[in-house]
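Asks: This structure is in C-alpha cells; I'll ask about it shortly.
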Amino acid sequence: MAKKQRIVIALGGNALSNTLPEQMAAVKITACAIVDLIEEGCEVVVAHGNGPQVGMVNNAMLALAHEDLKQPNTPLSVCVAMSQAYIGYDLQNALREELLNRKIKDIPVATMITQVRVDPDDPAFKNPSKPIGRFMDQEQAKEMAARYDYIMKEDAGHGYRRVVASPKPQEIIEMGTIRTMVDSGHLVIACGGGGIPVVRQGNHLQGASAVIDKDFASCLLARELDADFLIILTAVEKAAVNFGTPAVRWLDNISVSQARRYIEEGHFAPGSMLPKVQAAIEFAESKPGRKALITLLQKAKEGIQGTTGTCISLGHV
Ligand code: ADP
Ligand code: MG
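Each residue of the sequence shown is one higher than the last, beginning at 7 in my numbering.
Written out as C-alpha cells, the structure reads:
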C-alpha cells in the first residue's frame with residue numbers, strides 16, 4: 007500500500023468565524039472539509055489562527071481587571087493559551103462528530119496545547135505590527151497605554167487598536183509529543199493561534215507578549231513532521247497578482263522563484279496574503295517534493311486533487 011500523504015492544514019479566520027455561536031457553526035463546515043481529506047486517504051494535522059478569539063479573550067480579561075482590582079491584567083501569552091483551548095475544544099468536538107457520522111471510528115482527535123519558542127532579539131519586538139482587540143478613541147487609547155503599557159496605533163481611520171509583536175517561530179516545544187500522536191494515527195490539532203509565544207530562560211519558558219503568525223507556525227510544524235503538503239485554507243480560492251484591480255490574474259501552479267518575483271513586485275498584502283506566500287515558499291523549498299497550496303476552505307479536496315488553488319513548488323530546475 008502506498009504511504010499516506012501527510013498534510014498540515016492551516017485554518018484561517020473564516021474556518022472559525024468571529025463570535026461564540028458563529029464559531030460553533032463554522033467548525034462543522036471546517037470539520038467536513040478536513041474529514042473529506044481523511045476520506046481521500048490523507049493523514050491530516052490541523053493548525054489554526056486565533057485573531058478574533060485572542061482579541062475577545064484579551065478584552066474579557068481586561069474587563070475582569072477593571073472589575074476586580076485584585077486581579078492583575080492577563081499576559082497575552084495566557085490569552086493565546088486560552089484561545090487555543092477554546093478553539094481546540096470546538097474543533098475537537100466537531101471533528102469527532104463528523105468522523106463518527108462517516109463511520110470512521112479508529113481516529114482519535116486531540117488538541118495539543120503548544121508553546122512555540124521565539125527569539126527575544128527578534129526585530130518584531132521593536133516594531134509591533136499586529137493589531138488585536140477592539141477599536142478605541144484617542145482618549146481611551148491613551149489611558150490603555152498609560153495603564154497597561156500597551157502600544158496603541160491608529161488603524162486606517164477606524165480608531166486606535168492595541169498592536170503586538172509578531173515574531174518568527176523558532177521551535178515547537180511540544181514537537182516530540184505531537185509527532186508521537188500523529189505517528190500513531192491520531193488527528194492532532196496543534197500550534198493554535200501560531201502557538202503560545204515563549205522565550206527560553208534556562209529551564210524556564212517565559213511567556214512573551216506577542217502573537218505568532220499562524221502561517222509561519224504551520225510551516226514549521228509541517229517541516230518538523232516531514233509533511234508532503236502544507237495547505238493554507240483561507241477566504242480566497244487562489245492568490246492573485248494585481249489583486250483588487252481589473253487586471254487581477256489568479257495564480258494556479260507557480261514555482262518558488264515566480265512567487266518570489268511576485269512578492270518583490272508587491273502583489274501580496276502584508277499581514278494577509280504575504281505571510282501565506284512566504285510560508286508556502288519556505289515549505290516548498292525546504293525539501294524536494296514538498297508542495298504548498300493556498301485555497302478556499304470549501305475547496306480543500308479539489309485542491310489536493312490538483313484542480314484548484316494556488317500551488318507553490320520548487321518547479322523545474
Ligand atoms: P486568514 O484569516 O485566512 O489568514 P487573511 O484575511 O489574513 O485570512 O488573508 C486572506 C486575504 O488576503 C484574502 O481574503 C484577500 O482579501 C487578501 N489578499 C491580499 N492580497 C491578496 C492577493 N494578492 N491575492 C489574493 N488575496 C489577497
Ligand atoms: Mg491571516
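Each residue gets a CB set at the ideal place from its N, CA and C atoms; glycine is no exception.
Since the structure is predicted, the reported quantities are computational estimates derived from the model, not experimental observations.
Please specify which runs of the beta strand (DSSP E), each continuous and at least 3 residues long, are wholly inside the stretch 86–117, giving them in chain order.
Replies: Whole beta strand (DSSP E) segments, 3+ residues: 115–117.
Asks: Given a threshold of 16 other Cβ atoms within 10 Å of its Cβ, counted over all protein chains shown, does H210 qualify as buried or as exposed?
Replies: Burial call: exposed.
Asks: Identify, in the order they occur along the chain, each residue of the same chain with its Cβ nearer than 6 Å to the Cβ of M344, setting aside the five sequence neighbours on each side.
Replies: Past the boundaries of the shown model lies residue 344; the chain is included only from 7 to 323, so the question cannot be answered.
Asks: Go through its chain and collect everything with a Cβ distance to M181's Cβ below 7 Å, but skip five positions before and after it.
Replies: Once the five neighbours on either side are set aside, the close Cβ partners of M181 are E230.
Asks: Would the beta-carbon of A273 be found less than 6 Å away from any heavy atom of the ligand ADP?
Replies: The sequence given here places His at residue 273; Ala does not occur at that position. Result yes, Cβ under 6 Å from the ligand ADP.
Asks: Whose C-beta lies closer than 6 Å to the C-beta of A130 among residues of the same chain, with five residues either side of it excluded?
Replies: Closer than 6 Å at Cβ, skipping near neighbours: A171, S172 and P173.
Asks: How far does the beta strand (DSSP E) with Q311 in it extend, from its first residue to its last?
Replies: Q311 -> no beta strand (DSSP E), and no H or E assigned at all.
Asks: With a cut-off of 8 Å, do at least 3 Cβ pairs link the stretch 178–193 to the stretch 116–128?
Replies: They touch, by the three-pair rule.
Asks: Would you say the stretch 55–73 touches the stretch 102–110, given that touching needs at least three Cβ pairs under 8 Å?
Replies: No, because fewer than three Cβ pairs between the stretch 55–73 and the stretch 102–110 fall closer than 8 Å, the two stretches do not touch.
Asks: Quick check on I179: does DSSP put it in helix, strand or coil?
Replies: Coil at I179, not helix or strand.
Asks: Let's test the definition: count the other Cβ atoms within 10 Å of the Cβ of A285 and tell me whether it reaches 16, buried, or not, exposed.
Replies: Counting Cβ neighbours within 10 Å, A285 comes out buried, since at least 16 surround it.
Asks: Counting C-beta neighbours from all protein chains within 10 Å, is the total for L26 16 or more, i.e. buried, or is it exposed?
Replies: By the neighbour-count rule (16 or more Cβ atoms within 10 Å), L26 is not buried but exposed.
Asks: Below 8 Å on the Cβ atoms is my contact criterion, and I expect I269 with C48 to pass it. Report the Cβ-Cβ distance as a whole number of Å.
Replies: Between C48 and I269 the Cβ distance is about 29 Å, and since that is not below 8 Å, they are no contact.
Asks: Who are the near neighbours of K10 in its chain, counting only those whose CB is closer than 7 Å to its CB and skipping five residues on each side?
Replies: Result list for K10: G47, C48 and E49, in chain order.
Asks: Using 8 Å as the Cβ pair cut-off and three pairs as the minimum, do the stretch 286–300 and the stretch 237–254 touch?
Replies: Yes, they touch.
Asks: The alpha helix (DSSP H) that contains E28, what's its start and end?
Replies: First-last of the alpha helix (DSSP H) with E28: L26 to E45.
Asks: Determine the direct distance from the alpha carbon of P134 to that of Q90, and round the result to whole angstroms.
Replies: So the two alpha carbons sit approximately 22 Å from each other.
Asks: Taking only the alpha-carbon atoms, compute the straight-line gap between G277 and A37 and give it to the nearest angstrom.
Replies: Their Cα atoms are separated by approximately 26 Å.
Asks: What residue range is occupied by the uninterrupted beta strand (DSSP E) comprising S261?
Replies: Here the beta strand (DSSP E) through S261 covers N259 to S261.
Asks: What whole-angstrom Cβ distance do I13 and D232 have, given they're in contact under 8 Å?
Replies: No, I13 and D232 are not in contact; Cβ-Cβ is about 12 Å, not under 8 Å.
Asks: Counting pairs of beta carbons, one from the stretch 188–202 and one from the stretch 254–264, are three or more of them closer than 8 Å?
Replies: No contact exists between the stretch 188–202 and the stretch 254–264.
Asks: Give the range of the alpha helix (DSSP H) segment to which E160 is assigned.
Replies: From DSSP, E160 is part of no alpha helix (DSSP H) but of the beta strand (DSSP E) over I157 to E160.
Asks: If I measure Cβ to Cβ from G61 and keep anything under 6 Å in the same chain, skipping five residues before and after, which residues do I get?
Replies: Correct list, in chain order: I138 and G139.
Asks: Check whether the Cβ atoms of A290 and S319 sit closer than 7 Å, and answer yes or no.
Replies: Closer than 7 Å, so yes.
Asks: Give me the Cα-Cα distance between D125 and K109, rounded to the nearest whole angstrom.
Replies: When rounded, the distance between both Cα atoms is 45 Å.
Asks: If you compare alpha carbons, which of K305, G208, I93 and Q144 is closest to L22?
Replies: Looking at the Cα atoms, I93 is the closest of the given residues.
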